[in-house]
Amino acid sequence: MSIPLTDVRAQYASLEAELHARIASVVDSGHFILGPNVRGFEQEAARYLGVEAAVGVANGTDALILTLEALGAGPGDEVICPAFTFFATAEAIARVGATPIFCDIEPETLNLDPVDAARRVTSQTKAIVAVHLFGRPAPISALPAGIPVVEDAAQAFGAGSAQSRAGSWGVAAAFSFFPTKNLFCFGDGGLVATDDLELADRVRALRFHGSTDKETFGLVGHNSRLDEIQAAVLRTFLPHVDDWNGLRREAALRYEEVGLGRVCQLPRSEAGHVFQLYVVRSRERDRLLRSLASAGVAARPYYRTPLHLQPAFAYLGYTEGSLPETERAASENVALPMWAGIGRADQEKVAAAGRAAVVVEASP
Ligand SMILES: *Cc1c(COP(=O)(O)O)cnc(C)c1O
């Protein structure tokens with residue numbers, strides 16, 4: 000039996016009856032866009048995150064774009080972000096006309112390095128986009144004071160603690176509900192969270208063509224709405240996200256118990272980390288990947304070509320060697336099977352397949 004990288008469906012198997020009822024009630028209502036479920040989810044998510052306002056949008060990428068636009072970032076501005084992240088982080092910066100300035104990462108956490116970020120601040124710096132990579136809170140409080148921080152919290156719904164959630168630390172945060180994220184829906188969805196009510200109002204206008212009353216268009220905006228069916232799915236799942244994240248954390252600890260640490264470098268499972276992905280490091284990555292594949296274990300490197308070396312950003316002039324820790328992480332990382340509910344038997348198989356790679360390495 001092969002082991003997948005993630006099993007989205009296993010996480011909500013016990014909720015299917017409630018899901019079907021909630022979706023059917025949207026269908027029966029005939030109200031599909033900006034209705035009671037989007038409003039309800041926005042309120043419930045804001046309460047959960049501990050922020051004043053939350054605005055549902057079409058996806059996580061748009062959550063970043065609309066936030067940056069609402070902050071006034073545009074041509075002539077620089078926005079600092081890590082290069083070891085999903086493309087959308089920097090794409091959003093470029094999409095609003097600003098210049099992405101890539102900084103390096105801390106090797107132990109894979110999150111942006113606040114010292115390197117501070118070094119890259121200029122008079123043009125408009126904001127820093129800090130990514131909570133793979134579900135681990137980024138070091139927001141160590142970032143230079145006085146520069147607005149936007150949290151790319153796409154991989155980190157529920158990270159932090161009940162008293163202080165990821166998504167409540169910056170001027171605003173962007174979440175994604177793509178089906179592999181910690182909180183997810185059955186398609187695309189996103190959210191902007193903020194304590195700044197004026198910023199929230201601008202994002203709300205931007206998601207509806209720059210209008211607040213559907214008649215007067217004060218800005219050139221977007222069509223970027225969370226829809227009612229996805230909001231109904233999210234309202235079903237939100238009360239379970241803490242349990243799911245708890246299961247992910249337990250699974251992370253279990254990878255230590257089954258001896259995976261003898262095979263590769265494991266991510267530290269510090270408080271607040273919600274393991275959207277379980278990403279290890281190995282200098283012998285190809286050997287590890289071959290051994291996992293032959294045992295039927297799904298595994299894959301993430302961000303093998305980091306953003307500063309992507310063709311779309313060649314115009315920025317970075318070269319190989321520009322961001323050494325980023326490049327090392329890109330060449331050494333492997334994501335292993337992780338979802339809310341993965342069990343010990345599967346994890347023992349993963350560890351055994353990993354050990355086989357080390358044994359091969361040790362033999363003459
Ligand atoms: C998933 C993701 C996004 C984009 O979210 P979408 O909903 O797919 O648009 C942005 N940043 C990071 C770090 C992500 O993982």
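First residue of the sequence shown? That's 0 in numbering that gives the first Met the number 0, and the numbers climb one at a time after it. Just so you know, even glycine gets a beta-carbon here, dropped at the ideal spot from N, CA and C.
Nearest residue (CA-CA) to Arg118, options Gly29, Val296, Asp103 and Glu227: To locate residue 118, count along the sequence shown from 1; it is residue 119. The residue with the shortest Cα to Cα distance from Arg118 is Asp103.
Report the residue ranges of all alpha helix (DSSP H) runs contained in full by the segment 209 to 286; include only those spanning at least 4 residues, in chain order. 227 to 236 and 240 to 256
First through last residue of the beta strand (DSSP E) which encompasses Leu368: An answer regarding residue 368 cannot be provided, because it is not within the stretch 0 to 363 covered by the chain.
Determine the DSSP secondary structure at Thr325, reduced to helix, strand or coil. Counted from its first residue, the sequence shown places residue 325 at position 326. If DSSP states are grouped into helix, strand and coil, Thr325 belongs with the helices.
What ranges does the beta strand (DSSP E) occupy inside the segment 101 to 146, keeping only unbroken runs of at least 3 residues that lie completely in it? 124 to 130
Report whether the distance from the Cβ of Thr60 to the nearest heavy atom of ligand 1 is below 7 Å. In the sequence shown, the residue the question calls residue 60 occupies position 61. Thr60: yes, Cβ under 7 Å from ligand 1.
Under a three-way DSSP split, which group does Ala339 fall into? The count along the sequence shown starts at 1 and reaches residue 339 at position 340. Residue state, collapsed to three classes: coil.
Tell me which residue opens and which closes the beta strand (DSSP E) that Asp151 is part of. Mapped onto the sequence shown, residue 151 falls at position 152. It spans Val148 to Asp151 - the beta strand (DSSP E) in which Asp151 sits, taken as one unbroken run.
What are the partner residues of Pro35, as DSSP defines its beta bridges? Here residue 35 is taken as the residue at index 36 of the sequence shown, counted from 1. Bridge partners of Pro35: none, in fact.
So what does Gly159 bridge to, in DSSP terms? As a first step, residue 159 is located in the sequence shown; it is residue number 160 there, counting from the start. Paired residue(s): Arg164.
For ligand 1, I want to know if Ala304 counts as a neighbour, meaning its beta carbon is within less than 7 Å of at least one of the ligand's heavy atoms. As a working note, residue 304 is residue 305 in the sequence shown. Here the sequence assigns Thr to residue 304, which means Ala is not the residue at that position. No; taking the cut-off as 7 Å, the Cβ of Thr304 has no heavy atom of ligand 1 nearer than that.
Could you check where the alpha helix (DSSP H) with Arg88 kicks off and where it finishes? The residue labelled residue 88 in the question sits at position 89 within the sequence shown. Note on identity: in this sequence residue 88 is Thr, with Arg being the wrong assignment. Per DSSP, Thr88 belongs to the alpha helix (DSSP H) from Ala87 to Arg94.
Just to confirm before moving on: does the CB-CB distance between Val148 and Ala173 stay below 8 Å? Counting from one through the sequence shown, the residue named residue 148 turns up at place 149. Counting from one through the sequence shown, the residue named residue 173 turns up at place 174. No.
Inter-residue Cα distance where the pair is Glu214 and Ile228: Taking the sequence shown and counting its residues from 1, one reaches residue 214 at position 215. Taking the sequence shown and counting its residues from 1, one reaches residue 228 at position 229. Whole-angstrom Cα-Cα distance: 25 Å.
Ignore the nearest five residues each way along the sequence and tell me which others in Arg284's own chain have a CB closer than 8 Å to its CB. Here residue 284 refers to the residue found at position 285 of the sequence shown. Within the same chain, Arg284 has close Cβ partners Pro300, Ser330, Glu331, Asn332 and Val333.
Which residues bound the alpha helix (DSSP H) around Leu63? For this step, residue 63 is matched to residue 64 along the sequence shown. From DSSP, the alpha helix (DSSP H) with Leu63 extends over Gly59 to Ala69.
In the DSSP assignment, find the unbroken beta strand (DSSP E) run with Ile79 in it and report its ends. Stepping through the sequence shown from its first residue, residue 79 is reached at position 80. Where Ile79 is concerned, the enclosing beta strand (DSSP E) stretches over Glu77 to Pro81.
Coil, strand or helix - Gly55 by DSSP: As a working mapping, residue 55 is identified with position 56 in the sequence shown. Gly55: strand per DSSP, three-state reduction.
Selection from Ala12, Pro266, Gly55 and Glu269 that minimises the alpha carbon distance to Ala231: In the sequence shown, the residue the question calls residue 231 occupies position 232. Out of Ala12, Pro266, Gly55 and Glu269, Gly55 has the C-alpha closest to the C-alpha of Ala231.
What span of residues does the alpha helix (DSSP H) with Ala9 cover, start to end? Start at 1 with the first residue of the sequence shown, and residue 9 comes out as number 10. Run containing Ala9: Val7 to Tyr11, per the alpha helix (DSSP H) assignment.
Below 8 Å between beta carbons: does that hold for Leu65 and His208? Stepping through the sequence shown from its first residue, residue 65 is reached at position 66. Stepping through the sequence shown from its first residue, residue 208 is reached at position 209. No, the pair does not count as a contact, with Cβ atoms beyond the cut-off.
Check for me: the beta strand (DSSP E) holding Leu190 runs from which residue to which? Walking along the sequence shown from the start, residue 190 turns up at place 191. Taken as a continuous stretch (DSSP letters only), the beta strand (DSSP E) holding Leu190 covers Gly189 to Thr193.
Is the number of C-beta pairs between the segment 91 to 109 and the segment 190 to 206 that are closer than 8 Å three or more? no
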